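> Before we start, here is the structure in question, set down as structure tokens.
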């Protein structure tokens, strides 16, 4: 077994990425404090051809040196937009018939492994602040909630880790049904 060189990976150019059919997922980041988390989510979004990222509230926006450190250029490929109010973004997406889902621990949340994607449905995944999570107001506006099961002593994951887990799970369910 031999590790592949970067030149062998057949990665898309920025132009090809922008023209590619996107995965019907939108990420909504609300009040994310860590610039490294923001950059990491951009990189995950690039890897799975995510349609768009909404950066809400105090979430920083590109161009930013600290975001770039972890995004490694993904801010140039993934469509993004800053909006001050996450509630307005959720309402807008719902009007566009996008299924909005808070990634949070709430009553009646669906565990990630039990969530079934519907063919032809577009989803917006709402991720909240590193300390407070998704606000109660945003949870109440969403169509539902997905929870990542956790078995240890901690009750939360880093937001960029959560985004990676949920995006991968939904991506593979959309692209490789059993």
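In UniProt numbering, the protein residues as written are 1 to 178. We treat Cβ as the ideally placed atom computed from N, Cα and C, and that holds for glycine. If you're wondering where the values come from, they're calculated on a predicted model, not measured in any experiment.
1. What is the C-beta distance between residue 25 and residue 157, in whole angstroms, given that I count them as a contact (C-beta under 8 Å)?
2. Return the chain-ordered list of same chain residues with a C-beta closer than 8 Å to the C-beta of residue 149, the five sequence neighbours on each side being excluded.
3. Have a look at residue 168 and residue 161 and give me their C-alpha separation to the nearest angstrom.
4. Taking just the CA atoms, how far does residue 152 sit from residue 89?
5. Among 122, 65, 23, which residue has its Cα nearest to the Cα of residue 95?
6. Take residue 119 as the anchor and find which of 31, 176, 35, 7 has the nearest alpha-carbon.
7. Cβ atoms of residue 69 and residue 189: under 9 Å apart, would you say?
8. Taking 9 Å as the cut-off, decide whether the C-beta atoms of residue 86 and residue 126 are in contact.
9. Using a Cβ-Cβ cutoff of less than 6 Å, which residues in the same chain neighbour residue 14 once the five nearest sequence positions on both sides are dropped?
10. Ignoring anything shorter than 3 residues, give me the beta strand (DSSP E) runs that lie fully in the segment 112 to 144, in order along the chain.
11. Could you tell me how far apart the beta carbons of residue 35 and residue 54 are, in whole angstroms, since I believe they sit closer than 8 Å?
12. Quick one, which of 166, 159, 106 has its alpha-carbon nearest residue 124's?
13. Considering only residues of the same chain and omitting the five flanking positions on each side of residue 155, which have a CB-CB separation below 8 Å?
14. Among 74, 31, 102, whose alpha-carbon lies nearest the alpha-carbon of residue 84?
15. Closest by CA to residue 173, which one among 48, 140, 27, 2?
Judging by the given coordinates:
1. The Cβ separation is near 18 Å, so there is no contact.
2. 111, 112, 113
3. 11 Å
4. 33 Å
5. 122
6. 176
7. Only positions 1 to 178 of the chain appear in the structure, and residue 189 is not among them; the question remains open.
8. yes
9. 76, 77
10. 123 to 127
11. Their Cβ separation, rounded to whole angstroms, is 17 Å, which puts residue 35 and residue 54 out of contact at 8 Å.
12. 166
13. 105
14. 31
15. 48
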